[in-house]
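The block underneath contains the structure these notes are about, expressed in structure tokens.
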Ligand SMILES: [Ca+2]
Ligand SMILES: [Ca+2]
Ligand SMILES: [Ca+2]
């Protein structure tokens, strides 16, 4: 009886360790926030299950609060918090990964063009939910 309980405890520990020790490395990266964002953005123009470049640009426009054509870190983190997209740390990390030319602002060119190219793993000019979530999680780590 005690031995059974002990082995249950061991299994529970092993499962917990597996989850806790590799929080960023599940077999398939997943993020409920990214999936929610994808679903909302994906339907913005064509409700076809894929994000087009125009739909990705619309996400950018959502973040550009003062509509000056570029997204500063403060704008990004404000919208990030409003949309409940995750911790401020992961928001900051994602922002700086998306800022591909390192000038501390996100712009349509070159940043968003490069980000879209990066999202579109199989180069079919549209982004599936799996592609979006995978790259989103990679960029926020
Ligand atoms: Ca779409
Ligand atoms: Ca702006
Ligand atoms: Ca930039």
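In our numbering, the protein residues as written are 16 to 156. Even glycine gets a Cβ: it sits at the ideal position worked out from N, Cα and C.
Quick one: what does DSSP say residue i is sitting in, helix, strand or coil?
{"i": "residue 43", "result": "coil"}
{"i": "residue 28", "result": "Note that residue 28 has pLDDT 48, beneath the 50 cutoff, so the model's placement of it is unreliable and no number is given."}
{"i": "residue 66", "result": "strand"}
{"i": "residue 73", "result": "helix"}
{"i": "residue 61", "result": "coil"}
{"i": "residue 52", "result": "helix"}
{"i": "residue 116", "result": "coil"}
{"i": "residue 34", "result": "Unreliable placement is indicated for residue 34, whose pLDDT of 49 sits below 50; no coordinate value is reported for it."}
The beta strand (DSSP E) spanning residue i covers which residue range?
{"i": "residue 121", "result": "120-122"}
{"i": "residue 85", "result": "85-87"}
Between residue i and the rest of its own chain, which residues show a CB-CB distance below 8 Å, the 5 nearest in sequence each way excluded?
{"i": "residue 75", "result": "86, 121, 123, 127"}
{"i": "residue 73", "result": "56, 59, 60"}
{"i": "residue 103", "result": "92, 95, 96"}
{"i": "residue 71", "result": "56, 127, 130, 131, 134, 142"}
{"i": "residue 82", "result": "76"}
What span of residues does the alpha helix (DSSP H) with residue i cover, start to end?
{"i": "residue 142", "result": "Taken as a continuous stretch (DSSP letters only), residue 142 belongs to no alpha helix (DSSP H), as it is neither H nor E."}
{"i": "residue 105", "result": "103-113"}
{"i": "residue 136", "result": "From DSSP, residue 136 is part of no alpha helix (DSSP H); its letter is neither H nor E."}
Enumerate in chain order the residues of its own chain whose CB-to-CB distance from residue i is below 7 Å, with the five nearest sequence positions on each side excluded.
{"i": "residue 50", "result": "144, 148"}
{"i": "residue 117", "result": "none"}
Could you check which residue in the options has the C-alpha nearest to that of residue i?
{"i": "residue 6", "options": "59, 60, 64", "result": "One cannot answer for residue 6 here, as it falls past the ends of the chain, which runs 16 to 156."}
{"i": "residue 132", "options": "150, 119, 96", "result": "150"}
{"i": "residue 46", "options": "100, 112, 109, 136", "result": "100"}
{"i": "residue 53", "options": "156, 134, 89", "result": "134"}
{"i": "residue 119", "options": "105, 136, 88", "result": "88"}
{"i": "residue 78", "options": "44, 113, 62", "result": "113"}
Take residue i and list the residues in its own chain whose beta-carbon comes closer than 6 Å to its own, dropping the five residues that flank it on each side.
{"i": "residue 141", "result": "65, 67"}
{"i": "residue 129", "result": "115"}
{"i": "residue 153", "result": "none"}
{"i": "residue 109", "result": "154, 155"}
**Request:** Starting from the N-terminal end, write out each residue whose C-beta falls within a distance shorter than 6 Å of any non-hydrogen atom of ligand 4.
**Result:** No copy of ligand 4 appears in this structure; the ligands present are ligand 1, ligand 2 and ligand 3.
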